[in-house]
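Protein sequence lines, in the order shown, are assigned to chains A and B.
This note's numbering numbers the first residue of the first sequence as -9 and each following residue consecutively.
This note's numbering numbers the first residue of the second sequence as 191 and each following residue consecutively.
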Amino acid sequence: QKEVEQNSGPLSVPEGAIASLNCTYSDRVSQSFFWYRQYSGKSPELIMSIYSNGDKEDGRFTAQLNKASQYVSLLIRDSQPSDSATYLCAVYPGTYKYIFGTGTRLKVLA
Amino acid sequence: NAGVTQTPKFRILKIGQSMTLQCTQDMNHNYMYWYRQDPGMGLKLIYYSVGAGITDKGEVPNGYNVSRSTTEDFPLRLELAAPSQTSVYFCASSYDSPLHFGNGTRLTVT
């Protein structure tokens, strides 16, 4: 069974702090990794894609990928209350089907 | 550019009724997906399609049917609605890229 594991949270961080979200996956052949943000009652919204080992930065967001250890993480710098949402990790092993974790709920405290 | 469009946004069905959830995309994506998301839970794949005329089952296909006669459209059919099908349904599309989600259909079966 191919799986993606995330801590369900909630992860609470104060405003202005760094939020660190983690995800592990079981399928070693996975090549594409994604982070989606989902506000309550809304659809998932893509915030980061990463395809190779290392860090990828986009504004306040940094995705980190370590294929040897089979984990991918998302750092959110200068966290804002508007970042409060559920963050879904998704993995694409290349078999047409994307595998989603159950999500980590982030709460940024003002 | 509309992206992925789902209709209706909300629907209440009585047990045993049938309905079709509509999904259309204007990005010329080959791959299309139907997911359901129960409250506080992750995304579960119902059916997917890799092109017109080709569909396949996901994790939770029972009680649903799909068809894909064109690249743009991927309707999901519920034949005999049951309370267990109360959920939020998301359609998504991709082609060698991250998934793009529609805004969802919130379905209640009573």
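The beta carbon of each residue, even a glycine, is placed where N, CA and C say it ideally should be.
What number of angstroms, rounded off, separates the C-alpha of residue i from the C-alpha of residue j?
i        : j        : result
Lys57/A  : Asn43/A  : 6 Å
Lys46/A  : Ile8/A   : 16 Å
Leu270/B : Thr276/B : 12 Å
Asp263/B : Ser20/A  : 28 Å
Gln60/A  : Ile202/B : 42 Å
Thr210/B : Asn252/B : 15 Å
Arg258/B : Leu297/B : 22 Å
Leu78/A  : Arg50/A  : 17 Å
Leu11/A  : Ile37/A  : 13 Å
Leu266/B : Arg18/A  : 32 Å
Ser63/A  : Gln207/B : 44 Å
Pro198/B : Gln212/B : 7 Å
Pro0/A   : Thr261/B : 39 Å
Helix or strand or just coil, what does DSSP make of residue i?
i         : result
Ser22/A   : strand
Gln(-4)/A : coil
Pro229/B  : coil
Ser274/B  : helix
Asp68/A   : coil
Asp73/A   : helix
Glu262/B  : coil
Near-chain A residues of the region 214 to 243 of chain B - C-beta to any C-beta below 7 Å: Residues passing the 7 Å Cβ filter: Tyr221, Met231, Gly232, Leu233, Leu235, Tyr238 and Val240.
Validate contact between the region 66 to 76 of chain A and the region 90 to 97 of chain A using beta carbons, cut 8 Å, 3 pairs: Yes, they touch.
Cβ contact (3+ pairs, closer than 8 Å) linking the region 222 to 235 of chain B and the region 282 to 299 of chain B: yes
Positions along the region 26 to 37 of chain A whose CB lies within less than 7 Å of some CB in chain B: Ser33, Pro34 and Leu36
Positions along the region 271 to 295 of chain B whose CB lies within less than 7 Å of some CB in chain A: Phe280, Pro288, Leu289, Phe291, Gly292, Asn293 and Gly294
Near-chain B residues of the region 84 to 95 of chain A - C-beta to any C-beta below 7 Å: Tyr86, Lys87, Tyr88, Phe90, Gly91, Thr92 and Gly93
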